[in-house]
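Going down the list, the protein sequences come from chains H and P. Residue numbers for the first sequence follow our numbering, so the first one is 1 and each next one is one higher. Residue numbers for the second sequence follow our numbering, so the first one is 195 and each next one is one higher. Glycine is no exception: its CB is placed at the ideal position from the N, C-alpha and C atoms. One structure is given here, and the rest of the page talks about it.
2 protein chains.
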Amino acid sequence: MRYSDTHKQETRDKVLKAAAKAVRAKGPDGVGVAEIMAEAGLTHGGFYAHFPNKEALIVAAIDEAFGQSGRRFGRATAGMAPAQALAAFVDFYVTLEHRAHPERGCPVAGLSSDLPRQGAPVREAYERGVRRMIERIAGWLPETTPDRDSLAASLVAEMSGTVALSRAISDEAEAGRLLAEARDRIKHRMGIVQ
Amino acid sequence: MRYSDTHKQETRDKVLKAAAKAVRAKGPDGVGVAEIMAEAGLTHGGFYAHFPNKEALIVAAIDEAFGQSGRRFGRATAGMAPAQALAAFVDFYVTLEHRAHPERGCPVAGLSSDLPRQGAPVREAYERGVRRMIERIAGWLPETTPDRDSLAASLVAEMSGTVALSRAISDEAEAGRLLAEARDRIKHRMGIVQ
DNA sequence: GCATTTATATGATGCCCATAATATTAAGCG
DNA sequence: CGCTTAATATTATGGGCATCATATAAATGC
């Protein structure tokens with residue numbers, strides 16, 4: 001059927017958003033084409049009209065996932081001075097909310113161990129996203145900070161590692177304490193002594 | 195065929211070791227029973243004489259993997275005073291060598307994003323291992339440290355997060371710099387200012 | 001040295017997956 | 001208004017997987 005000019009684009013977008021969610025929830029290999037299409041309200045047959053193969057979808061989904069969580073963090077820190085933005089970022093990232101929702105969370109926290117096993121195109125998409133995240137944080141650090149990129153990478157490692165670790169702790173209250181203490185330590189390390 | 199009394203035990207052990215390796219290399223869902231049995235020099239049929247099902251093998255493999263890397267770290271820090279052991283641990287963990295070999299590395303760095311998707315028994319095995327690792331590190335921290343367990347957890351998060359992050363950086367030299375800088379920062383944070 | 005026993009092998013079943021070929025459907029042009 | 005065309009659905013194919021039933025083989029006890 002010949003749909004409106006924008007229809008295919010809209011469908012592609014729905015598929016992509018479903019994939020970005022599913023990929024974070026179940027990992028690139030844990031999710032199926034048919035499942036994603038169903039989530040988007042379609043059947044699996046039409047998939048290849050939108051993407052050449054599953055890997056291309058995963059690449060696009062990783063980009064989309066980084067884009068989504070980037071925008072989300074952007075909103076949480078909009079209009080703030082660098083130091084405030086940093087603190088707000090930590091308070092937004094290192095939380096029980098983030099622990100509970102990998103499907104809409106940061107791919108670095110949710111996909112770190114899956115990615116090394118993926119093919120080169122997927123790994124490259126992930127690496128691009130990681131770099132963007134490190135640069136964003138580096139930009140918030142005082143210009144006088146020695147080795148800003150290195151500190152930013154270290155902060156990304158600690159924040160994502162903390163959220164990942166908190167997901168291994170089954171007791172929610174205990175995980176909450178772990179996250180709260182980590183927030184304090186991280187902000188302290190950033191030079192934000194509150 | 196009736197083998198010597200210890201033969202079945204030995205076979206189980208070979209299967210388990212193959213699984214501990216494979217699970218870290220490919221993730222719990224990325225590895226197949228047949229593949230593991232082949233790695234152990236057997237065919238898939240005999241598997242169910244050793245384990246009731248795949249999940250039971252994964253549980254045992256996670257325990258074994260934590261045990262292995264625990265012993266490995268134990269050897270790297272044997273006979274050292276706590277402060278030296280801590281430093282040696284960091285120098286052993288946060289390395290290109292560890293980045294390059296997930297299959298014999300720490301499960302916290304290599305399986306963090308896979309685990310939340312596993313069934314309860316597997317998650318419990320992982321949680322036990324994580325706790326043992328945190329306790330080991332806490333035991334090395336000075337007794338005067340306030341909140342030793344919390345600092346230990348924070349260090350585990352940063353170390354495992356750093357190794358995981360370094361696996362996303364394709365350029366080895368750049369990954370090497372990231373790891374070297376992280377080692378310094380982590381030891382500094384532990385109070386080991388070298 | 002043969003029968004019993006038990007570890008491992010072979011082969012089968014049923015399910016899920018990615019991909020592809022073909023069929024169906026309806027929007028909008030003529 | 002009906003034909004063309006493009007978007008999506010249906011169905012097919014081939015492979016991989018966990019699990020299980022059955023077959024084979026060899027070491028020990030008699």
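CA-CA distance, I137 (chain H) and A40 (chain H)? Residue numbering aside, residue 137 (chain H) sits at position 137 when the first sequence is read from its first letter. Residue numbering aside, residue 40 (chain H) sits at position 40 when the first sequence is read from its first letter. If I take the Cα positions, the gap works out to 34 Å.
Give me the residue from P:H244, P:H292, P:L280 and P:A376 with the minimum Cα distance to E204 (chain P). Locating residue 204 (chain P) in the second sequence gives position 10, where the first residue counts as 1. The candidate whose alpha carbon is nearest that of E204 (chain P) is P:H244.
Do you know whose CA, among P:T339, P:A314, P:Y320 and P:L305, lies nearest M384 (chain P)'s CA? Within the second sequence, residue 384 (chain P) is the residue found at index 190, counting from 1. Comparing Cα-Cα distances from M384 (chain P) to each of P:T339, P:A314, P:Y320 and P:L305, the minimum goes to P:T339.
Close-in-space but distant-in-sequence residues of the same chain around Y88 (chain H) (CB under 7 Å, 5 per side omitted): Along the first sequence, one-based indexing puts residue 88 (chain H) at 88. The sequence shown places Ala at residue 88 (chain H), not Tyr. Excluding sequence neighbours, A88 (chain H) sits near A76, T77 and M80.
Okay, do the region 317 to 330 of chain P and the region 220 to 240 of chain P touch, 3+ Cβ pairs below 8 Å being the bar? no
What does the alpha-carbon distance come out to for the pair S113 (chain H) and G224 (chain P)? To locate residue 113 (chain H), count along the first sequence from 1; it is residue 113. To locate residue 224 (chain P), count along the second sequence from 1; it is residue 30. Rounded to whole angstroms, S113 (chain H) to G224 (chain P) spans 12 Å at the Cα level.
With a CB to CB cut of under 7 Å and the five nearest residues on each side skipped, what residues in its chain are close to R148 (chain H)? Working through the first sequence from its first residue, we reach residue 148 (chain H) at position 148. Same-chain partners within the cutoff: A138 and L141.
Measure the alpha-carbon distance for A175 (chain H) versus L165 (chain H) and round it to whole angstroms. Mapped onto the first sequence, residue 175 (chain H) falls at position 175. Mapped onto the first sequence, residue 165 (chain H) falls at position 165. Distance between the alpha carbons of A175 (chain H) and L165 (chain H): 9 Å.
Nonlocal neighbours in the same chain, by C-beta distance under 6 Å from V90 (chain H), ignoring five residues either side: Here the question's residue 90 (chain H) lines up with position 90 in the first sequence. Cβ within range, chain order: R183, I186 and K187.
Alpha helix (DSSP H) segments (min. 4 residues) lying fully within the region 220 to 248 of chain P: 227 to 233
Taking the alpha-carbon positions, what's the G226 (chain P) to A61 (chain H) distance? Against the second sequence, residue 226 (chain P) aligns to sequence position 32. Against the first sequence, residue 61 (chain H) aligns to sequence position 61. Approximately 26 Å between the Cα atoms of the pair.
Determine the direct distance from the alpha carbon of F92 (chain H) to that of H98 (chain H), and round the result to whole angstroms. For the purposes of this step, residue 98 (chain H) is identified with residue 98 of the first sequence, where counting begins at 1. For the purposes of this step, residue 92 (chain H) is identified with residue 92 of the first sequence, where counting begins at 1. For H98 (chain H) and F92 (chain H), the distance between alpha carbons rounds to 8 Å.
Name the chain P residues that come within less than 7 Å of A153 (chain H), Cβ to Cβ? Residue numbering aside, residue 153 (chain H) sits at position 153 when the first sequence is read from its first letter. Ordered by position in chain P, the residues that pass the 7 Å Cβ test against A153 (chain H) are L359 and L372.
Output needed in chain order: residues of the region 219 to 235 of chain P with a Cβ under 9 Å from some Cβ in chain H. A219, K220, G221, D223 and G224
For L345 (chain P), which residues from the same chain have a beta carbon less than 7 Å from its beta carbon, with the 5 sequence-adjacent residues on both sides left out? In the second sequence, residue 345 (chain P) corresponds to position 151, counting from 1. Once the five neighbours on either side are set aside, the close Cβ partners of L345 (chain P) are L335 and T339.
Tell me whether the beta-carbon of R123 (chain H) lies closer than 8 Å to the beta-carbon of G221 (chain P). The sequence position of residue 123 (chain H) within the first sequence is 123, counting from 1. The sequence position of residue 221 (chain P) within the second sequence is 27, counting from 1. Contact flag unset, no.
Just confirm the distance between the C-beta atoms of A250 (chain P) and I230 (chain P), as a whole number of angstroms; I'd bet it's less than 8 Å. Numbered from its first residue, the second sequence carries residue 250 (chain P) at position 56. Numbered from its first residue, the second sequence carries residue 230 (chain P) at position 36. With 8 Å as the limit, A250 (chain P) and I230 (chain P) do not qualify as a contact, their Cβ atoms being about 13 Å apart.
Whose Cβ in chain P lies nearer than 8 Å to the Cβ of S69 (chain H)? Within the first sequence, residue 69 (chain H) is the residue found at index 69, counting from 1. Simply none; closest approach about 15 Å.
Excluding the 5 residues preceding and the 5 following G105 (chain H) in the sequence, name in chain order all residues of the same chain whose CB lies nearer than 7 Å to its CB. As a first step, residue 105 (chain H) must be located in the first sequence, where it is residue number 105. For G105 (chain H), where only same-chain residues beyond five positions count, the Cβ hits under 7 Å are R24, S69 and H98.
Should R167 (chain H) be labelled buried (16 or more other beta-carbon atoms within 10 Å of its own) or exposed? Translated into the one-based positions of the first sequence, residue 167 (chain H) becomes position 167. By the neighbour-count definition (other C-beta atoms within 10 Å, threshold 16), R167 (chain H) is a buried residue.
Give me the residue from P:L349, P:R266, P:P246 and P:A294 with the minimum Cα distance to S364 (chain P). By 1-based counting over the second sequence, the position of residue 364 (chain P) is 170. With distances taken between CA atoms, S364 (chain P) lies nearest to P:A294 out of P:L349, P:R266, P:P246 and P:A294.
Proximity below 8 Å, CB of E95 (chain H) to CB of L178 (chain H): Taking the first sequence and counting its residues from 1, the one referred to as residue 95 (chain H) is at position 95. Taking the first sequence and counting its residues from 1, the one referred to as residue 178 (chain H) is at position 178. Just to set this straight, residue 95 (chain H) is Thr in the shown sequence, not Glu. No, the Cβ-Cβ distance between T95 (chain H) and L178 (chain H) is not below 8 Å.
Can you pull the chain H neighbours of E321 (chain P), defined as C-beta to C-beta under 8 Å? Taking the first residue of the second sequence as position 1, residue 321 (chain P) is located at position 127. Within chain H, the residues near E321 (chain P) are A168, I169 and S170.
Own chain residues within Cβ distance below 7 Å of R12 (chain H), not counting five before or after: If you number the first sequence from 1, residue 12 (chain H) lands on position 12. Only H50 meet the Cβ criterion.
Using the rule of at least 16 other Cβ atoms within 10 Å of the residue's Cβ for burial, across every protein chain shown, is G390 (chain P) buried or exposed? With chain P covering 195 to 388 only, the question about residue 390 (chain P) has no answer from this structure.
Between which two residues does the alpha helix (DSSP H) harbouring T356 (chain P) extend? As a working mapping, residue 356 (chain P) is identified with position 162 in the second sequence. Run containing T356 (chain P): R342 to S360, per the alpha helix (DSSP H) assignment.
Is it true that the CB of E352 (chain P) sits closer than 8 Å to the CB of G74 (chain H)? Within the first sequence, numbered from 1, the residue matching residue 74 (chain H) stands at position 74. Within the second sequence, numbered from 1, the residue matching residue 352 (chain P) stands at position 158. No, they are not a contact pair.
Length at least 4, wholly inside the region 264 to 342 of chain P: the alpha helix (DSSP H) runs in chain order: Runs of the alpha helix (DSSP H) inside the region 264 to 342 of chain P: 276 to 287, 290 to 294, 301 to 305 and 314 to 334.
Under 9 Å by beta carbon: chain H residues contacting E375 (chain P): Position 181 of the second sequence, counting from 1, holds the residue named residue 375 (chain P). Those are D147, S150, L151, A153 and S154, listed as they occur along chain H.
Nearest to Y126 (chain H) (by Cα), restricted to the options H:A65, H:A153 and H:A83: Within the first sequence, residue 126 (chain H) is the residue found at index 126, counting from 1. For the set H:A65, H:A153 and H:A83, the Cα lying nearest the Cα of Y126 (chain H) is the one of H:A65.
At a Cβ threshold of 8 Å, is L309 (chain P) touching chain H? Your numbering for residue 309 (chain P) matches position 115 in the second sequence. For L309 (chain P), the answer is yes, since a Cβ of chain H falls inside 8 Å of its Cβ.
Beta-carbon neighbours of R123 (chain H), restricted to chain P and to distances below 8 Å: Stepping through the first sequence from its first residue, residue 123 (chain H) is reached at position 123. Result: A362 and S364.
Tell me which residues share the same chain as V253 (chain P) and place their Cβ nearer than 7 Å to its Cβ, disregarding the 5 neighbours each side in the sequence. Mapped onto the second sequence, residue 253 (chain P) falls at position 59. Cβ neighbours of V253 (chain P) beyond the five flanking positions: P315, V316 and A319.
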